[in-house]
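Using my numbering, the first residue of the sequence shown is number 302, and each one after it goes up by one. Think of the CB as a built atom: it goes at the ideal place given N, C-alpha and C, for glycine as much as any other residue.
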Amino acid sequence: MTAKTLTDTQMLLEVVGEAYAFRDLASFRSGVLELLGRMVPCDSAGYNEISPEETFAVTIPTLDQGLVPVFSALAHQNPLISRYRQTGDGRPYRISDMIDQETFHRLALYQEVYRQIAVEWQVAFTLPARAPLIVGVVLCREREDFGERDMRLLALARPHLMQAYRNAELWGARAAMLAALVSPDRPCSWKPISISALS
Numbered sequence: 302m303t304a305k306t307l308t309d310t311q312m313l314l315e316v317v318g319e320a321y322a323f324r325d326l327a328s329f330r331s332g333v334l335e336l337l338g339r340m341v342p343c344d345s346a347g348y349n350e351i352s353p354e355e356t357f358a359v360t361i362p363t364l365d366q367g368l369v370p371v372f373s374a375l376a377h378q379n380p381l382i383s384r385y386r387q388t389g390d391g392r393p394y395r396i397s398d399m400i401d402q403e404t405f406h407r408l409a410l411y412q413e414v415y416r417q418i419a420v421e422w423q424v425a426f427t428l429p430a431r432a433p434l435i436v437g438v439v440l441c442r443e444r445e446d447f448g449e450r451d452m453r454l455l456a457l458a459r460p461h462l463m464q465a466y467r468n469a470e471l472w473g474a475r476a477a478m479l480a481a482l483v484s485p486d487r488p489c490s491w492k493p494i495s496i497s498a499l500s
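Printed below as a string of structure tokens:
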């Protein structure tokens with residue numbers, strides 16, 4: 302029996318549908334990478350929260366944590382991050398849309414981080430965040446650049462992923478608030494009232 306082959310439209314709808322099911326940011330961060338990797342094949346994927354003070358990253362496969370502070374110090378060299386900071390345009394773009402391969406290879410970011418993890422080609426887009434924080438999703442390949450089909454699918458998925466991200470953020474905050482309200486350590490400040498007392 303042969304496996305069912307999904308059309309691009311079916312795959313997009315499947316990814317979007319599953320993305321809306323995440324109930325908190327922790328599950329969204331890793332889950333969205335698995336979903337996107339299914340739709341747009343890649344060698345590695347990352348969810349990054351980049352601020353002037355620090356960088357938080359979730360990667361598939363797991364990144365050597367020793368590279369995170371190096372990436373954080375050199376992230377400004379990534380032409381995709383530079384472009385977003387200048388324009389605020391968070392749509393999917395490839396590094397190759399910004400600079401050629403030779404220029405990319407000359408960057409300290411490439412020499413000290415990307416070369417170590419076999420990143421030759423990269424596409425990225427952003428999710429909602431309050432400046433100066435940048436929340437970015439990146440897909441990487443070693444052997445070939447991302448094509449027009451990949452870019453089209455990512456562009457179509459992004460608005461839905463933005464909403465799914467907001468939903469996960471809100472649901473997570475709601476769950477934390479409810480947990481705090483019913484915490485056994487929190488003293489109860491109200492007393493039940495009998496129905497007869499109200500009549």
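Exercise for the section: Give the range of the beta strand (DSSP E) segment to which A358 is assigned. Expected result: Your numbering for residue 358 matches position 57 in the sequence shown. A358 -> beta strand (DSSP E) spans T356 to I361.
Exercise for the section: Measure from the alpha carbon of F447 to the alpha carbon of each residue in I435, Q464, T427 and Q423, then state which is nearest. Expected result: Working through the sequence shown from its first residue, we reach residue 447 at position 146. Taking only the C-alpha atoms, the option nearest F447 is Q423.
Practice task
Could you have a look at W491 and say whether DSSP puts it in helix, strand or coil?
Solution key: Taking the first residue of the sequence shown as position 1, residue 491 is located at position 190. Residue placement at W491 cannot be trusted, given a pLDDT of 49 that sits under 50; what the coordinates show is reported in the next sentence. Note: W491 maps to coil in three-state DSSP.
Exercise for the section: Note down, in chain order, each residue of its chain lying with its Cβ closer than 7 Å to the Cβ of L314, except the 5 sequence neighbours on either side. Expected result: Start at 1 with the first residue of the sequence shown, and residue 314 comes out as number 13. Excluding five sequence positions before and after L314, none of the CB atoms of its chain fall closer than 7 Å to its own CB.
Handout entry: L457 CB to nearest heavy atom of the ligand MN below 7 Å
Key = The ligand MN is absent from the structure shown, which contains no ligands of any kind.
Practice task
My understanding is that A419 touches E445, with C-beta atoms under 8 Å, so please give their C-beta distance in whole angstroms.
Solution key: Taking the first residue of the sequence shown as 1, we reach residue 419 at position 118. Taking the first residue of the sequence shown as 1, we reach residue 445 at position 144. With 8 Å as the limit, A419 and E445 do not qualify as a contact, their Cβ atoms being about 13 Å apart.
Handout entry: Distance CB(P393)-CB(A432) smaller than 8 Å
Key = Residue 393 sits at position 92 when you count from the first residue of the sequence shown. Residue 432 sits at position 131 when you count from the first residue of the sequence shown. No, Cβ-Cβ distance for P393 and A432 is not below 8 Å.
Handout entry: Three-way DSSP call (helix, strand, coil) for V420 in this model
Key = Along the sequence shown, read from residue 1 onward, the residue named residue 420 stands at position 119. Taken through DSSP and simplified to helix, strand or coil, V420 comes out as coil.
Problem - Residues near S331 by beta carbon distance below 6 Å, same chain, minus five either side - result: In the sequence shown, counting from the first residue as 1, residue 331 sits at position 30. Excluding five sequence positions before and after S331, the CB atoms of its chain that fall closer than 6 Å to its own CB belong to V359, given in chain order.
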